[in-house]
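Structure first, commentary second.
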DNA sequence: AGCCTATTTTAATGGCTATTAAAATACGCT
DNA sequence: AGCGTATTTTAATAGCCATTAAAATAGGCT
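Residue numbers (the numbering used here), protein chains in the order written: chain V, 24 to 220; chain E, 24 to 220.
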């Protein structure tokens with residue numbers, strides 16, 4: 024039939040809700056600790072209904088990670104495109120990433136169960152993840168070179184900052200007030216230590 | 024019989040190894056994603072043999088968390104007992120915590136699956152965890168009052184710093200070189216931003 | 001009303017895994 | 001060698017859960 028846009032739109036919308044419900048569950052109880060029944064309950068459905076929207080449980084995790092990765096990339100690109108010294112660009116990225124993580128498009132899944140993906144999915148996500156780290160390290164290096172960031176172990180500095188961000192989905196529960204505090208405080212804390220004396 | 028110390032010592036030693044193996048598995052694949060067979064394989068045993076040392080799988084997670092919590096408390100106490108301004112005490116704590124996390128007594132389990140514990144275990148661990156946060160916030164507050172730390176949202180600042188630490192078990196794999204870098208870099212990055220201008 | 005499709009449910013199936021009990025093995029000690 | 005305990009394995013049980021196919025429902029369109 025002529026599957027009019029209205030139908031597909033409803034489908035896509037519900038698919039989104041499904042991913043959000045899954046992210047919520049995964050963040051709370053982990054991937055394997057979450058049953059499809061858990062996810063379905065969030066939407067008032069039966070577990071089997073999920074297969075109308077998703078091939079299998081792994082796909083659910085994979086697409087959650089895709090969403091998370093895309094948010095990171097959007098923020099990173101914004102930082103890279105910003106004109107200014109390295110420290111400023113890092114701040115633009117970081118702030119935007121936090122806004123996304125804690126904003127209306129959430130919740131996002133904590134990226135802690137990459138081993139649960141299958142070969143190809145894992146490779147793809149790991150790729151994005153490593154790219155993200157490298158791009159951030161590039162911003163830091165730039166900052167060191169342009170004198171806005173003090174000399175430091177760039178790899179470890181990146182690890183320290185990224186870890187703080189990665190952990191957020193574990194405790195942030197969508198409170199708007201808290202979201203503002205995160206966006207206001209995290210960049211200051213995480214980047215303040217890098218400033219040149 | 025006269026269960027001589029030698030026997031109990033061997034038992035305790037193997038129990039420790041078991042906890043370390045479990046922590047390794049849990050960090051990689053999550054609590055539910057880890058089968059007792061996985062853990063047993065690390066020790067060259069069968070899954071059923073684990074029950075000689077542990078009541079059940081949950082107990083394994085619980086005792087992993089106890090170890091992690093104790094390491095944090097040891098470090099926190101060291102910081103609190105140190106004489107100096109708030110920022111210095113926070114640095115002592117943080118450095119020691121990192122040394123422990125990345126040192127010979129590891130690996131420690133990432134504390135991300137508290138919901139998998141049963142009622143009492145969960146309450147106990149949550150209690151310790153919250154105490155830990157409050158004690159750290161107290162150090163920060165002290166720093167603000169004695170002028171070593173700039174005015175900031177203490178709760179969120181604590182969240183930012185703790186998140187970075189909490190995430191470490193997810194990527195640190197026991198490399199000694201890396202451990203040194205972590206201990207050298209993390210305190211500078213995570214506390215540098217708090218210094219008064 | 002009645003058709004056609006979209007959506008959801010019901011009802012299997014099979015595999016994995018925690019847990020237990022009983023049997024087997026290893027090992028120190030006499 | 002042989003007893004007695006410590007440790008580990010084998011084998012069985014039972015429950016949960018992902019996945020599938022077929023049946024049921026709902027809603028738009030004519």
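All residues carry an ideal CB built from backbone N, CA and C; glycine is no exception.
By DSSP's assignment, residue 218 (chain V) forms a beta bridge with V:172. From the listed residues E:147, E:155 and E:41, the smallest Cα separation to residue 189 (chain E) is found for E:155. Counting along the chain, the unbroken alpha helix (DSSP H) around residue 178 (chain E) starts and ends at 177 to 194. Here residue 47 (chain V) has 65 and 130 as same chain residues with Cβ atoms under 8 angstroms from its own Cβ, once five neighbours each way along the sequence are excluded. Around the beta carbon of residue 150 (chain V), a 10 Å sphere encloses fewer than 16 other beta carbons of the protein chains shown; the residue is thus reported as exposed.
Within chain V, the residues 53 and 56 have their CB atoms less than 7 angstroms from the CB of residue 54 (chain E), given in chain order. Measuring C-alpha to C-alpha distances from residue 134 (chain E) to each of E:35, E:54, E:36 and E:33 identifies E:54 as the nearest.
Between the alpha carbons of residue 94 (chain E) and residue 126 (chain E) lies a distance of about 11 angstroms. Between the region 104 to 113 of chain E and the region 58 to 73 of chain E, the count of Cβ pairs shorter than 8 angstroms is below three; the stretches do not touch.
Here residue 160 (chain V) is near residue 177 (chain V), since their CB atoms are less than 8 angstroms apart. Per DSSP, the unbroken alpha helix (DSSP H) holding residue 125 (chain E) starts and ends at 109 to 125. For residue 122 (chain E), same chain residues with a beta-carbon under 6 angstroms away, outside a window of 5 residues either side, are 206 in chain order. Residue 75 (chain E) sits exposed, since fewer than 16 C-beta atoms from the chains shown fall within 10 Å of its C-beta. Relative to the Cα of residue 172 (chain V), the nearest Cα in the group E:211, E:182 and E:56 belongs to E:211. Within the region 160 to 180 of chain E, the residues whose Cβ lies closer than 8 angstroms to some Cβ of chain V are 175, 176, 178, 179 and 180, listed in chain order. Cβ-Cβ separation between residue 108 (chain E) and residue 169 (chain E): approximately 5 angstroms, consistent with a contact (criterion under 8 angstroms).
Distance between residue 87 (chain E) and residue 104 (chain V), taken at the CA atoms: about 44 angstroms. For the region 204 to 217 of chain V, the residues whose beta carbon sits under 8 angstroms from a beta carbon of chain E are, in order, 204, 205, 207, 208, 209, 211, 212, 213, 214, 215, 216 and 217. Proximity of residue 95 (chain V) to chain E, defined by a Cβ-Cβ separation below 8 angstroms, is not satisfied.
If you look at residue 99 (chain V), you'll find it in the alpha helix (DSSP H) that goes 80 to 104. Per DSSP, the unbroken alpha helix (DSSP H) holding residue 63 (chain E) starts and ends at 59 to 66.
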